[in-house]
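> Before we start, here is the structure in question, set down as structure tokens.
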Amino acid sequence: MERSPVHPSPGEPGIQRVSTVELFFDLVFVFAITQLTGLVAHPHDAGDYLRTALVFVTLIWMYGGYTWLTSNLAVELPLQRLLIFTAMAGFFVMAIGIPDVFDAGGLPYALGLLLVTAVHAGLFLTAPTSSARAILAIAPYNFGAALLVLAAAFVRPPWDWPLWGAAVAVLLVASVTRPERDFRLSPSHFVERNGLLLIVALGESIVAVGLATAGLPVAATLAVAAVLALFLAASVWWTYFGRDDRRAEHEFGRATPAERGRMALLGFGYAHFVMIFGIVLIAAGLEVGIAYPTGPPETVGIWNLAAGLAVYLVGDAAYRRVLRIGPSRRHLLTAGLALLTVPLGLRFGTLAQMAACVLLLQPLGLGGRERSGWPG
98 MERSPVHPSP GEPGIQRVST VELFFDLVFV FAITQLTGLV AHPHDAGDYL
148 RTALVFVTLI WMYGGYTWLT SNLAVELPLQ RLLIFTAMAG FFVMAIGIPD
198 VFDAGGLPYA LGLLLVTAVH AGLFLTAPTS SARAILAIAP YNFGAALLVL
248 AAAFVRPPWD WPLWGAAVAV LLVASVTRPE RDFRLSPSHF VERNGLLLIV
298 ALGESIVAVG LATAGLPVAA TLAVAAVLAL FLAASVWWTY FGRDDRRAEH
348 EFGRATPAER GRMALLGFGY AHFVMIFGIV LIAAGLEVGI AYPTGPPETV
398 GIWNLAAGLA VYLVGDAAYR RVLRIGPSRR HLLTAGLALL TVPLGLRFGT
448 LAQMAACVLL LQPLGLGGRE RSGWPG
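If you count the sequence shown from 1, you need to add 97 to reach the working numbering.
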């Protein structure tokens, strides 16, 4: 059954659907997620996880900012599209710099971040809604964070860490000032757009499995493991899109503009950031574990898979609580159970762990259909 659009109120953006320009824009996000996955697939120490988290926040904050932008501005004019492609180039340079972002890649990453920040602010100022004024409240924080990342590129370790931490802190402090209250968002577009970002991240987990199997003999165990990895991605998808996404759009649409801004920041912002980071860890675990599905497992792959699923479910629970779309305790319980798959994986290998994770997710996906109350 087709989605019933939530019609905008007077003064709100009239954008209803995600455009093909936005879908093309997501191609650089796929590459960026792939690069981030590489940072934690083979970590040198625990610090690599912190480094990845710092980079991830600066990346996803601005990428999410473009979701807010395109919910206010239909990118239809040639100049607007050229600027979007310019931002794509900035994100692409950022992604290229990610593997060495705390070394030689730091400067390209920072310059790309400055570029996407400038284009974002410039385009937002042309929006035909009150959001054009609202961006003036958040843009200084975005530029401040980008300049701190740029400064970190010229500082030797370990002194670059405080600058990266300060950049992330600046972005988090921005939300304390409640600038989201003055933004206007199109419910149907915004919900669909954020769902697509999750699909893009899940797609990268499948790509990671495909790349990890390159050059390996296609034995029965490898084929089964690859199919299980696909089923795991599908099960994660189902926990989010099991008709609860329709309920999210309904709740988001019926909220007041101020409430909607808070939902957007906390639910589609921070909670989705946690979910996507969890998917990055899942992809890293699959990338390492798929090569030896029943053999002696690499400990880091087992932990990445379990922790990634747990992190995703915690983010999903937070999202549901913010959007008021159903119980979240089952998701938190399943997150705890996901961590208990670590001993299973260490004893029997990735294949057994993946099977357990797939089974754990089934009640959540099927439960969404039972309680949704939506026809069709």
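Don't be surprised by glycine CBs; every beta carbon is placed ideally from N, CA and C.
Pick from Ala453, Leu420, Phe188: whose alpha carbon is nearest that of Val127?
For the residues Ala453, Leu420, Phe188, the minimum Cα distance to Val127 belongs to Phe188.
> Using 8 Å as the threshold, is the C-beta distance between Val371 and Ala322 below it?
The answer is no: Cβ separation not under 8 Å.
> Could you check what DSSP says for Trp261 in three-state terms: helix, strand or coil?
Three-state result, Trp261: helix.
> Please confirm if the stretch 134-146 is in contact with the stretch 231-248, defined as three or more CB-CB distances below 8 Å between the two stretches.
As far as the Cβ criterion goes, the stretch 134-146 does not touch the stretch 231-248, which means the pair count is below three.
> Can you tell me the Cα-Cα spacing of Gly462 and Trp334, whole angstroms?
The straight-line gap from Cα to Cα measures roughly 8 Å.
> Taking the alpha helix (DSSP H) that Phe122 falls in, what are its first and last residues?
117-138 is the span of the alpha helix (DSSP H), which, as asked, contains Phe122.
> Can you check the stretch 400-454 for any beta strand (DSSP E) of at least 3 residues that lies completely inside it and give the ranges in chain order?
Whole beta strand (DSSP E) segments, 3+ residues: zero.
> Among the candidates Leu176, Leu457, Asp145, whose CA atom is the shortest distance from the CA of Thr336?
The option with the nearest alpha carbon to Thr336 is Leu457.
> Unbroken alpha helix (DSSP H) runs of length 4 or more, entirely within the stretch 263-327: which are they?
Counting only runs of 4 or more, we get 284-309.
> Who are the Cβ neighbours of Leu180 in its own chain at under 8 Å, not counting the five residues just before and after it?
Taken in chain order, the residues that qualify are Val216, Gly219, Leu220.
> Under three-state DSSP, which class holds Pro196?
Residue state, collapsed to three classes: helix.
> Please work out which residues of its chain come closer than 8 Å, Cβ to Cβ, to Glu384, disregarding the five sequence neighbours upstream and downstream, and give them in chain order.
So the qualifying residues of the chain are Thr134, Ala138, Ala305, Val306, Leu308, Ala309, Gly398.
> Within a Cβ cutoff of 8 Å, which residues of the same chain sit near Met191, ignoring the five residues on either side of it in sequence?
So the list reads Ala129, Leu156, Pro205, Tyr206, Gly209, Leu210, Val213, once near-sequence residues are dropped.
> Do the stretch 387-405 and the stretch 441-449 touch if we need at least three Cβ pairs shorter than 8 Å?
Verdict: yes, contact present.
> Output needed for Ala326: all residues of its chain with C-beta closer than 8 Å, excluding positions within five of it in sequence on either side, in chain order.
If we look at Ala326 and ignore the five residues flanking it on each side, its Cβ neighbours are Ser302, Ile303, Val306, Leu383, Ile387, Met451.
> Is there contact here, the stretch 392-408 with the stretch 366-380, by at least three beta-carbon pairs under 8 Å?
Yes, they touch.
> Would you mind sorting Gly358 into buried or exposed? The rule is 16 or more other CB atoms within 10 Å of its CB.
By the 10 Å Cβ count, Gly358 comes out buried.
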